[in-house]
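Mapping of the first sequence onto my numbering: position 174 corresponds to residue 181, and the numbering continues sequentially without gaps.
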Amino acid sequence: MKIATYNVNGVNGRLPVLLKWLKESQPDIVCLQELKAPQDKFPEAEILEAGYHSVWLGQKSWNGVAVLSKLEKPVVSRTDLPGEDEIEASRYLEVKIKDLIIACIYLPNGNPVPGPKFDYKMRWFERLDAHAEMLITSGKKVLIIGDFNVIPTEKDVYKPEKYKNDGLFLPEVRKALENLISQGWTDALRHLYPTETIYTFFDYFRKAYERNAGMRIDHFLLSPEVVPLLKKGEVDKEVRGWEKSSDHCPVWIEIEESK
DNA sequence: ATGTCTCCAAAATGGAGA
């Protein structure tokens, strides 16, 4: 079973790219982030035509997350994290598909630092942390997937020194991700490729993709029950070079079918 | 500081967000 994540950066503006990638890559399940579309402007019909059921959480202008599935229509279990969201942003969508619990997340970017956006990111992280703890103790097959807006280590960005003061790479942000992972989660791509350079995002600025000046910020966190099922994982890097591409690449993993 | 791209606004450029 192939499970993917893709920050599309505008689901309607990117629809041709999304559909082309779906057709070529044929994932079974897809988590999308940054829909940038209100609830009633999600291209459900076109995506259904491509063979995918979808559930989504829209928002005017910003944010927005969705889960697509070829297998069966995802059953929504949560549309936000427990606790107060003072900004009411569409950033969390948790679904059940077969025996999997999938949390599709779009963690706040946090820039500029310091400031209210960074504070919001850290509060969001705390809420994610608390809920993830509940999920992992459930003993179920859980995957937290999406755009974390966190560069986990120096290995995960082309020039770490340039990002020392960035909201994606500050020590406290990396520590927050480490803390979360230390609950018992596995970073799937890093697990598969312990030492390789892996980038999932390339800025539109200054030909970042052409220069391979990227970073790894889109992640799959697997609960212990999922780790033994993990077979493969990859970044569909060439998609970033397509006309009208998002600044993120699609990323996917393959897990063994549940018996 | 800048670079680029999207969406949105009492609508054409310009701000916000990333």
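Yeah, the Cβ is synthetic: ideal placement off N, Cα and C, and Gly gets one too.
Where residue i falls: helix, strand or coil (DSSP)
i, result
"E101", "strand"
"V120", "coil"
"L199", "helix"
"A139", "helix"
"W69", "coil"
"F209", "strand"
"E250", "coil"
"K238", "strand"
"S76", "strand"
"I262", "strand"
"K48", "helix"
"R181", "helix"
"I94", "coil"
"K171", "coil"
Residues bridged to residue i (per DSSP)
i, result
"N156", "Answer by DSSP bridge pairing: none, since N156 is not bridged."
"N14", "Q40"
"T193", "L229"
"Y113", "D154"
"W131", "According to DSSP, which records beta bridges pairwise, W131 is partnered with nothing at all."
"V164", "M222"
"V62", "V74"
"L107", "I104 and K148"
"K9", "E261"
"R85", "E101"
Integer Cβ distance of residue i from residue j, believed to fall under 8 Å
i, j, result
"I10", "W259", "6 Å"
"R223", "I158", "7 Å"
"V74", "C111", "5 Å"
"N70", "E41", "7 Å"
"K105", "L78", "7 Å"
"R247", "F209", "6 Å"
"L154", "D225", "At residue 154 the sequence reads Asp, which differs from the Leu that was named. D154 to D225, Cβ: 5 Å. Contact."
"P257", "W28", "6 Å"
"I152", "F227", "5 Å"
Own chain residues within Cβ distance below 6 Å of residue i, not counting five before or after
i, result
"E261", "K9, K238 and K239"
"E232", "K148"
"V267", "The question about residue 267 has no answer here: the residues shown for the chain are numbered 8 through 266."
"V83", "V62 and V102"
"F176", "I158 and Y170"
Same chain, Cβ closer than 8 Å to residue i, five either side skipped, listed in chain order
i, result
"G65", "L42, A44, P45, Q46, D47, K48, F49, G71 and S97"
"P89", "R134, A137 and H138"
"K251", "G20, R21, P23 and V24"
"N116", "K124, K128, N156, G174 and L175"
Cutoff 7 Å; reference residue i; Cβ partners in own chain excluding five residues on either side
i, result
"L229", "L150, W192, T193, A195 and L237"
"G58", "K77"
"W249", "V24"
"E263", "L236 and K238"
"K67", "P45"
* the stretch 174 to 184 in contact with the stretch 240 to 250 per 3-pair CB rule at 8 Å -> no
* Counting Cβ pairs closer than 8 Å, one from the stretch 125 to 138 and one from the stretch 211 to 226, do we hit at least three? -> no
* Asked: Is it a yes or a no for the stretch 160 to 167 touching the stretch 111 to 125, going by three-plus beta-carbon pairs under 8 Å?
  -> no
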